Amino acid sequence: MRTQVGIIGSGPAGLLLAQLLHQHGIETVILERQSREHVEARIRAGVLEQGTVRLLREAGVGERMDREGIIHQGLSLAFSGRRERIDLHHFSGGSTVMIYGQTEVTRDLIEARLKAGGLLEYEAPAIAVENFLEGQPRIIYQKNGQRYELLCDFVAGCDGYHGVSRQSVPPDKLRLFEKIYPFGWLGILSDTPPVNEELIYANHARGFALCSMRSHTRSRYYVQCSLDDKVENWSDDAFWAELRRRLPEETAANLITGPRLEMSIAPLRSFVAEPMRFGQLFLAGDAAHIMPPTGAKGLNLAASDVFYLSRALIAYYGEKRTDLLDRYSEACLRRVWKAIRFSWWFTTTMHKFDDDPINHRLQLAELDYLTGSTAARMSFAENYVGLPFEKFE
Ligand code: APR
Ligand code: PHB
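Under this note's numbering, residues 124 to 516 are what the sequence shown spells out, in order.
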């Protein structure tokens, strides 16, 4: 089989790229290792930066998001028994974020792909990416036990951290950066009304907690846990009790609890692979970078990578330009590293790393300064709502 752009992975990066290229008549094939049911069942974060919202609307998949999504103009930081709201809209100069689950984004993009008649092969794992440095790339994949070859002009490696794309790059051409955090996030999903209309990030002596949501009737909560903790160690009641301990009294008193729909533990790491382009192979999204979910940047960086890659490929096929392809990696990584920095700063400010009392005092001083300083709140707000995409045309 042959196509113009072979895309490995039907997560947000792969699906959004396919949709934007389709709008410009560029043919793609998406190869996905898992089943559609598996992909659509993933529970992921739900905070969309404004750049991501604009890109989804441009891709023609913003209708349900605009109908069901919830616009947030602020969030709260809880510490020292206090709850301090940060007016993101005011301190960012008018930006907001949209609460709309990644699960829903993925479903909307899959629907659009199938409606457009685009090829989306499920249970079709790519097992190798070859010949992308010499100029005639091919993806070797499996389907129903048979091996197939997809010839393409370009390969978009949108196959996440564990994908085959990055692993197909000769190791001497890759620079890898990684930071493992000494804790995880224990998350619960419940059909209960959120404890607060906006998100609450809590720093407590017992550890971090986060109050988030998927809708006005479905909540998502997290508590920091140890790396060797297990979901089976936690009853629903135990989770709710621990969450209450880490929230200010008034907030804890308003918490409405219920049975879990899902409970899981996620590790926290920062990871970057440089560069993000190797000949005709381009990495995008989690295939190239991972960061702690504290800053809710994962999906949004996948979107900004796709913003740059789609523009570069559209310029190539439309005007035979290669300059944007050449600038892709540098443009992505400038935004990636700033998001990694913010996620690292927010993670180190909000989580318990050890029992040394001075470290907690330093965190509380940081939060006391942040919530009282106009300059600090402007810096926090512009990072949280998402730094602008650079001019790329
Ligand atoms: N062949 C085909 N598909 C593969 C392969 C392979 N060898 N390896 C992985 N995949 C698929 C995965 O099954 C997954 O559906 O690639 C897809 C990658 O999607 P994501 O991991 O969601 O990555 P991305 O699209 O970059 O989106 C990043 O998703 O995981 C979250 O927190 C992350 O919010 C961030 C966002
Ligand atoms: C979520 O709703 O899952 C969520 C929200 C904000 C974060 C991380 C996760 O920073």
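C-beta: ideal position from N, C-alpha, C; glycine also.
What you are looking at is a predicted structure, and each value in this text was computed from that prediction instead of being measured.
Roughly how many angstroms separate the alpha carbons of GLU186 and ARG180, rounded to a whole number? On the sequence shown, position 63 is the one that residue 186 refers to. On the sequence shown, position 57 is the one that residue 180 refers to. Computed Cα separation, rounded: 7 Å.
So which of GLU516, LEU493, PHE515 has the shortest CA-CA distance to PHE214? As a working mapping, residue 214 is identified with position 91 in the sequence shown. The shortest Cα separation from PHE214 among GLU516, LEU493, PHE515 belongs to LEU493.
When GLY132, GLU172, GLN142 are compared against ARG159, the one with the closest alpha-carbon: Working through the sequence shown from its first residue, we reach residue 159 at position 36. Selected option, being the one with the closest Cα: GLY132.
Count the other C-beta atoms from every protein chain shown that fall within 10 angstroms of the C-beta of LEU144, then say buried if there are 16 or more, exposed otherwise. What you label residue 144 is simply residue 21 of the sequence shown in a count that begins at 1. Classification for LEU144: buried.
Starting from THR126, trace the beta strand (DSSP E) in both directions and tell me its first and last residue. Position 3 of the sequence shown holds residue 126. Its beta strand (DSSP E) spans residues 125 to 131.
I want to know whether the region 322 to 329 touches the region 377 to 395 - three or more CB-CB distances under 8 Å. Taking 8 Å as the limit for Cβ pairs, the verdict is that the region 377 to 395 does not touch the region 322 to 329.
I'd like to know whether the C-beta atoms of PHE277 and GLN403 end up nearer to each other than 7 Å. Along the sequence shown, one-based indexing puts residue 277 at 154. Along the sequence shown, one-based indexing puts residue 403 at 280. For PHE277 and GLN403, yes; Cβs fall inside 7 Å.
To the nearest angstrom, report how far apart GLY137 and GLY408 are at their CA atoms. Indexing the sequence shown from 1 puts residue 137 at position 14. Indexing the sequence shown from 1 puts residue 408 at position 285. Straight-line spacing of the CA atoms in GLY137 and GLY408 works out to 9 Å.
In whole angstroms, what is the alpha-carbon distance linking ALA425 and ILE209? As a position in the sequence shown, residue 425 is number 302, starting the count at 1. As a position in the sequence shown, residue 209 is number 86, starting the count at 1. Going by the C-alpha atoms only, they are around 26 Å apart.
Simplified DSSP state of SER502, which is helix, strand or coil: Position 379 of the sequence shown holds residue 502. In the structure shown, SER502 sits in a helix (DSSP, three-state: H, G or I).
Suppose the cutoff is 6 Å on Cβ atoms and the five residues either side in sequence are ignored; what does the same chain contact list for HIS327 look like? For the purposes of this step, residue 327 is identified with residue 204 of the sequence shown, where counting begins at 1. Within the same chain, HIS327 has close Cβ partners ARG369.
Which of the three DSSP states, helix, strand or coil, is assigned to PRO382? On the sequence shown, residue 382 is found 259 positions in, with the first residue counted as 1. Of the three classes helix, strand and coil, the one that applies to PRO382 here is coil, per DSSP.
So is GLY204 buried or exposed if we call it buried at 16+ other beta carbons inside 10 Å? What you label residue 204 is simply residue 81 of the sequence shown in a count that begins at 1. Result: exposed.
Please report the Cβ distance between SER433 and LEU242, rounded to the nearest whole angstrom; I am assuming they are in contact, meaning their Cβ atoms lie under 8 Å. Along the sequence shown, read from residue 1 onward, the residue named residue 433 stands at position 310. Along the sequence shown, read from residue 1 onward, the residue named residue 242 stands at position 119. No, SER433 and LEU242 are not in contact; Cβ-Cβ is about 18 Å, not under 8 Å.
Quick check: the region 297 to 309 against the region 437 to 449, are there 3 or more CB pairs under 8 Å? no
Please identify the residue among ASN423, GLU365, LEU510, LEU312 whose C-alpha is closest to the C-alpha of LEU384. Taking the sequence shown and counting its residues from 1, the one referred to as residue 384 is at position 261. With distances taken between Cα atoms, LEU384 lies closest to LEU312.
For the structure I just gave you, are there three or more beta carbon pairs, one from the region 191 to 201 and one from the region 216 to 224, closer than 8 Å? yes
When you compare each of VAL508, MET386, SER288, SER502 to PHE401 by their alpha carbons, which one comes out closest? Taking the sequence shown and counting its residues from 1, one reaches residue 401 at position 278. Restricting attention to VAL508, MET386, SER288, SER502, the CA atom closest to the CA of PHE401 is found in SER288.
What are the boundary residues of the beta strand (DSSP E) that includes LYS461? Working through the sequence shown from its first residue, we reach residue 461 at position 338. In the DSSP assignment, LYS461 falls outside any beta strand (DSSP E) and lies within the alpha helix (DSSP H) extending over 446 to 473.
Give the C-beta separation of LEU490 and THR471 to the nearest angstrom, bearing in mind that I take them to be a contact with Cβ-Cβ under 8 Å. As a first step, residue 490 is located in the sequence shown; it is residue number 367 there, counting from the start. As a first step, residue 471 is located in the sequence shown; it is residue number 348 there, counting from the start. No, LEU490 and THR471 are not in contact; Cβ-Cβ is about 12 Å, not under 8 Å.
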